[in-house]
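A.B. asks: If you read the sequence shown in numbering that gives the first Met the number 0, its first letter stands for residue 0, the second for the next number, and so on.
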Amino acid sequence: MPSTYEKIATTTLGSAAATITFSSISGSYTDLVLILNGTNDVAANRALRLQFNSDTGSNYSYTYIQGDGSTATSTRATSQTTMSFGNLTGGQTVSILNIQNYSNTTTYKTAIARTNPVDTVVQAFVGLWRSTAAITRIDLTLNADNFNTGCVATIYGILKAA
0 MPSTYEKIAT TTLGSAAATI TFSSISGSYT DLVLILNGTN DVAANRALRL
50 QFNSDTGSNY SYTYIQGDGS TATSTRATSQ TTMSFGNLTG GQTVSILNIQ
100 NYSNTTTYKT AIARTNPVDT VVQAFVGLWR STAAITRIDL TLNADNFNTG
150 CVATIYGILK AA
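(1) Given this structure, state the Cα-to-Cα distance separating Ser25 from Asp138, to the nearest angstrom.
(2) Please state whether DSSP places Ile134 in a helix, a strand or coil.
(3) What are the boundary residues of the beta strand (DSSP E) that Thr9 is part of?
(4) According to DSSP, which residues form a beta bridge with Arg48?
(5) Tell me Gly26's beta-bridge partners as DSSP assigns them.
(6) For a quick check, are the C-beta atoms of Ser148 and Ala43 less than 9 Å apart?
(7) Where does the unbroken beta strand (DSSP E) through Gly56 begin, and where does it stop?
(8) Examine the Cβ distances between the segment 2 to 15 and the segment 114 to 124 and report whether three or more of them are shorter than 8 Å.
(9) Would you kindly check if the distance between the Cβ of Tyr61 and the Cβ of Ala189 is under 9 Å?
(10) What residues in its chain sit with their C-beta under 8 Å from that of Ser53, if we drop five residues either side in the sequence?
(11) State the CB to CB distance for the pair Val125 and Ile111, rounded to an integer number of angstroms; the pair is presumed to be in contact (CB under 8 Å).
(12) Reducing DSSP to helix, strand and coil, say where Thr77 ends up.
(13) May I ask which residues mark the beginning and end of the beta strand (DSSP E) holding Gly149?
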């Protein structure tokens with residue numbers, strides 16, 4: 000990672016788990032970058048979901064586009080209880096999520112993600128959390144099943160300019 004990135008935490012699953020949580024996130028960075036690398040515990044596509052600060056209200060929206068080399072599709076959803084940011088498959092998936100202005104307490108939070116399930120499609124997501132609260136906790140889940148043993152999630156803070 001560039002020298003402006005500082006690793007906050009890494010989680011490597013020793014067994015399958017329904018949730019990966021990053022908590023007590025410091026407000027000392029400008030943005031966050033979350034990288035997820037792994038599989039789910041079944042051989043099927045499962046939607047990657049996240050919640051900020053344990054907010055289970057209908058405060059999330061997202062839009063995505065995806066392509067598989069021959070077909071492109073897109074969709075959007077509003078007033079959701081989670082933000083979708085890609086699919087995790089039985090094959091290796093890499094997802095990079097950028098969260099802008101996460102500690103700002105005067106604006107809603109936005110996120111941009113690129114997810115590449117190696118055996119299916121390429122996806123790009125943009126999401127919105129309608130809250131002005133600073134993000135101090137991120138919970139990653141799937142819409143069904145679990146993250147597989149060995150799944151690695153790392154969160155970085157982007158350092159403020161000097």
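For every residue, glycine included, the Cβ atom is placed at its ideal position computed from N, Cα and C.
C.D. replies: So, from the listed chains and residues:
(1) 16 Å
(2) coil
(3) From DSSP, the beta strand (DSSP E) with Thr9 extends over 4 to 11.
(4) Ser83, Thr140
(5) Gly26 is not bridged to any residue.
(6) Contrary to the premise, residue 148 reads as Thr rather than Ser in this sequence. For Thr148 and Ala43, no; Cβs fall outside 9 Å.
(7) Neither: Gly56 is in no beta strand (DSSP E) and is coded neither H nor E.
(8) Contact fails: fewer than three Cβ-Cβ distances are below 8 Å.
(9) Outside the shown range of the chain, which is 0 to 161, sits residue 189, and nothing can be said about it.
(10) Arg136, Asp138
(11) 5 Å
(12) Strand.
(13) Run containing Gly149: none; DSSP gives neither H nor E here.
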